[in-house]
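The sequence shown begins at 661 in the working numbering and counts up by one.
Glycine residues also receive a C-beta, built at the ideal position from the N, C-alpha and C atoms.
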Amino acid sequence: MSENKVEKCVIIGSGPAGYTAAVYAARAAMDPVLYQGSQPGGQLTITNDVENFPGYPKGINGPSMMMEFQEQAQRFGTDIRHGMVTAVDFSQRPFKLTIDEKDEVLAHSVIISTGASAKWLGLESEQRLNSKGVSACAICDGFFYRGMDVVVVGGGDSAAEESTYLAKLCNKVYLLVRRDELRASKIMQERVLETKNLEVLWNTETVEVLGDEEVEGVRVKNNKTGEEKDIPAKGFFVAIGHKPNTDIFKDQLDMDETGYLKVEPGTSKTKIPGVYVSGDAADKVYRQAVTAAGTGCMAALDAERYLAAEKVI
Ligand code: NDP
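1) Which residues share a DSSP beta bridge with residue 932?
2) Taking its Cβ as the centre, do 16 or more other Cβ atoms sit within 10 Å of residue 763, making it buried, or is it exposed?
3) What do you get for residue 929, buried or exposed, if any count of 16 or more other CB atoms within 10 angstroms of its CB means buried?
4) Let me make sure I understand the geometry here. Which of 901, 941, 893, 892 has the alpha-carbon closest to that of residue 914?
5) What number of angstroms, rounded off, separates the C-alpha of residue 917 from the C-alpha of residue 947?
6) What does residue 795 pair with, by DSSP beta-bridge criteria?
7) Taking 8 Å as the cut-off, is the beta-carbon of residue 781 closer than that to any non-hydrogen atom of ligand 1?
8) Identify whether residue 910 lies in helix, strand or coil by the three-state DSSP scheme.
9) Leaving aside the five residues before and after residue 827 along the sequence, list all residues of the same chain whose C-beta is less than 7 Å from its C-beta, in chain order.
10) Measuring CA to CA, which of 702, 964, 837 is closest to residue 819?
11) I'd like the span of the alpha helix (DSSP H) that includes residue 846, first residue to last.
12) To which residues of the same chain is residue 705 closer than 7 Å at the C-beta, ignoring the five residues directly before and after it?
13) Check residue 813 in the structure and name its three-state DSSP category.
14) Taking Cβ positions, are residue 815 and residue 844 nearer each other than 9 Å?
15) Rounded to whole angstroms, what's the CA-CA distance from residue 686 to residue 692? Just pull it up for me.
16) Would you check if the distance between the CB atom of residue 711 and the CB atom of residue 803 is smaller than 9 Å?
17) Determine contact between the region 922-936 and the region 886-901, defined as no fewer than three beta-carbon pairs at a distance below 8 Å.
18) Straight-line CA distance for residue 780 to residue 899?
19) Name the two residues that bound the continuous beta strand (DSSP E) containing residue 729.
20) Does the distance between the C-beta of residue 901 and the nearest non-hydrogen atom of ligand 1 fall short of 8 Å?
21) Is it the case that the CB of residue 741 approaches a heavy atom of ligand 1 more closely than 8 Å?
22) How far does the beta strand (DSSP E) with residue 877 in it reach, from first residue to last?
23) CA-CA distance, residue 861 and residue 671?
24) Should residue 771 and residue 678 be called a contact, given that it needs their Cβ atoms to be closer than 9 Å?
25) With C-beta atoms as the reference, is residue 690 less than 9 Å away from residue 932?
26) Can you pull the DSSP bridge partners for residue 684?
27) Determine the extent of the alpha helix (DSSP H) in which residue 674 is found, giving its start and end residues.
28) Following the continuous alpha helix (DSSP H) through residue 966, name the residue where it begins and the one where it ends.
29) Here's the rule: buried if 16 or more other CB atoms are within 10 angstroms of the residue's CB, otherwise exposed. What is residue 714?
30) Which complete beta strand (DSSP E) runs does the region 735-775 hold, if anything under 3 residues is left out?
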């Protein structure tokens, strides 16, 4: 890489959004450079089977699927690089990006696909049994627990949505709420309370996820009475929120109070022409691989139009 080279398009992130943006950008002669970040392949690499991505009728495991995304992006010439974008400067043109706190890269356009990370409780057993019954996505993994008993943790809209979704598939759902009320919207609260096979355990916290090779139950504690008990369950779903990976864009791009980047509705455009967002970094509602891929495509098309208008391509 020559010192003063200005890349036409730099994509930050290697989940479905980033790789889809790369496929489109590479095929549009934008010579994209993609930085993979700290978790190459993104959130899907910590998922087992993906059965809801169209085009895989037999399902595919998350890491294999992300290898295929990467291969497809490489096939058209995407320059895929290890490394983390640790700072950006969108106040100057070309834009300046810092890689791993040392190298600098200049870019005419940037596509942000940094995703979001599920929040976890921080228990050793939760980490050990991740993908062996512990999940942060009911829509992705709920199907594997049909007819079984599962436990969900959380009290917000995500927990309400995931527990009611699971109640349609599972025999019984326990929702662990650490206070004596839900934070979720009124309508979601009503849905939770009206669902017959969904039992809310108030003032209840997780002590430990039980099981050696896979989840067999959950030890819980009532934080008012101190009473502990074990709930037999095959699945443990953590739904205590997500954190978008957008810290490096603070003060440069508009974001909501929780850090999700704001885009012009129906587009991937930020307030800075030449900077686009795709995937979960701007989506706290849908958060699916297929929606991330869709917005990755949008970001590449928006960037292509910008670069053409600027006569870069
Ligand atoms: P929230 O931050 O709204 O809720 C997190 C929940 O998890 C809270 O009830 C919180 O408890 C609980 N929690 C946090 N940490 C722990 C812990 N360590 N142990 C146990 N419980 C814990 O996150 P959501 O993901 O639910 O929602 C994020 C945003 O996305 C919200 O604005 C929501 O409205 C929106 N959303 C909208 C949807 C829709 O419109 N369909 C669907 C999903 C989300 P406490 O209440 O005690 O703090």
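Judging by the given coordinates:
1) Taking the first residue of the sequence shown as position 1, residue 932 is located at position 272. The partner list for residue 932 (beta bridge, DSSP) is empty, contrary to what the question assumes.
2) Your numbering for residue 763 matches position 103 in the sequence shown. When all chains shown are included, residue 763 counts as exposed.
3) As a first step, residue 929 must be located in the sequence shown, where it is residue number 269. Per the 10 Å Cβ criterion, buried.
4) Counting from 1 along the sequence shown, the entry for residue 914 is found at position 254. Ranking 901, 941, 893, 892 by Cα distance to residue 914 puts 941 first.
5) Within the sequence shown, the letter at position 257 stands for residue 917. Within the sequence shown, the letter at position 287 stands for residue 947. The straight-line gap from Cα to Cα measures roughly 18 Å.
6) For the purposes of this step, residue 795 is taken as the residue at position 135 of the sequence shown. DSSP output for residue 795 lists 897 as bridge partner(s).
7) Residue 781 sits at position 121 when you count from the first residue of the sequence shown. True, at least one ligand heavy atom lies under 8 Å from that Cβ.
8) Start at 1 with the first residue of the sequence shown, and residue 910 comes out as number 250. In the structure shown, residue 910 sits in coil (DSSP, three-state: anything other than H, G, I, E or B).
9) In the sequence shown, counting from the first residue as 1, residue 827 sits at position 167. Excluding positions up to five away in sequence, the list reads 833, 855, 857, 858.
10) Within the sequence shown, numbered from 1, the residue matching residue 819 stands at position 159. With distances taken between Cα atoms, residue 819 lies closest to 837.
11) Locating residue 846 in the sequence shown gives position 186, counting from the first residue. 846-854 is the span of the alpha helix (DSSP H), which, as asked, contains residue 846.
12) Here residue 705 is taken as the residue at index 45 of the sequence shown, counted from 1. Apart from sequence neighbours up to five positions away, the residues of its chain that approach residue 705 with a beta-carbon distance below 7 Å are 699, 722, 723, 726, ordered along the chain.
13) By one-based count along the sequence shown, residue 813 stands at place 153. In the structure shown, the three-state DSSP call for residue 813 is strand.
14) Taking the first residue of the sequence shown as 1, we reach residue 815 at position 155. Taking the first residue of the sequence shown as 1, we reach residue 844 at position 184. For residue 815 and residue 844, yes; Cβs fall inside 9 Å.
15) For the purposes of this step, residue 686 is taken as the residue at position 26 of the sequence shown. For the purposes of this step, residue 692 is taken as the residue at position 32 of the sequence shown. C-alpha separation (whole angstroms): 6 Å.
16) Taking the first residue of the sequence shown as position 1, residue 711 is located at position 51. Taking the first residue of the sequence shown as position 1, residue 803 is located at position 143. Yes, the pair counts as a contact, with Cβ atoms nearer than the cut-off.
17) Fewer than three beta-carbon pairs drawn from the region 922-936 and the region 886-901 are found closer than 8 Å, and the two stretches are therefore not classed as touching.
18) For the purposes of this step, residue 780 is taken as residue 120 along the sequence shown, with counting starting at 1. For the purposes of this step, residue 899 is taken as residue 239 along the sequence shown, with counting starting at 1. So the two alpha carbons sit approximately 8 Å from each other.
19) Along the sequence shown, one-based indexing puts residue 729 at 69. According to the DSSP assignment, residue 729 belongs to no beta strand (DSSP E) but to the alpha helix (DSSP H) extending over 722-735.
20) Position 241 of the sequence shown, counted from the start, is the residue given in the question as residue 901. Correct: residue 901 has its Cβ closer than 8 Å to ligand 1.
21) Looking up residue 741 in the sequence shown gives position 81. Residue 741: no, Cβ never under 8 Å from ligand 1.
22) Here residue 877 corresponds to residue number 217 of the sequence shown, with the count starting at 1. Note, residue 877: beta strand (DSSP E), 877-882.
23) In the sequence shown, residue 861 corresponds to position 201, counting from 1. In the sequence shown, residue 671 corresponds to position 11, counting from 1. Cα-Cα distance, rounded: 44 Å.
24) Within the sequence shown, residue 771 is the residue found at index 111, counting from 1. Within the sequence shown, residue 678 is the residue found at index 18, counting from 1. Against a cut-off of 9 Å, the Cβ pair of residue 678 and residue 771 comes out as a contact.
25) By 1-based counting over the sequence shown, the position of residue 690 is 30. By 1-based counting over the sequence shown, the position of residue 932 is 272. For the 9 Å CB-CB criterion, residue 690 and residue 932 do not form a contact.
26) The residue you call residue 684 lines up with position 24 of the sequence shown. For residue 684, which the question treats as bridged, DSSP gives no partner whatsoever.
27) Along the sequence shown, one-based indexing puts residue 674 at 14. Run containing residue 674: none; DSSP gives neither H nor E here.
28) In the sequence shown, counting from the first residue as 1, residue 966 sits at position 306. Here the alpha helix (DSSP H) through residue 966 covers 949-969.
29) Position 54 of the sequence shown, counted from the start, is the residue given in the question as residue 714. Of the residues assessed, residue 714 falls on the exposed side of the cut-off, its CB having fewer than 16 other CB atoms within 10 angstroms.
30) Complete beta strand (DSSP E) runs here, min 3: 739-741, 745-749, 755-759, 763-772.
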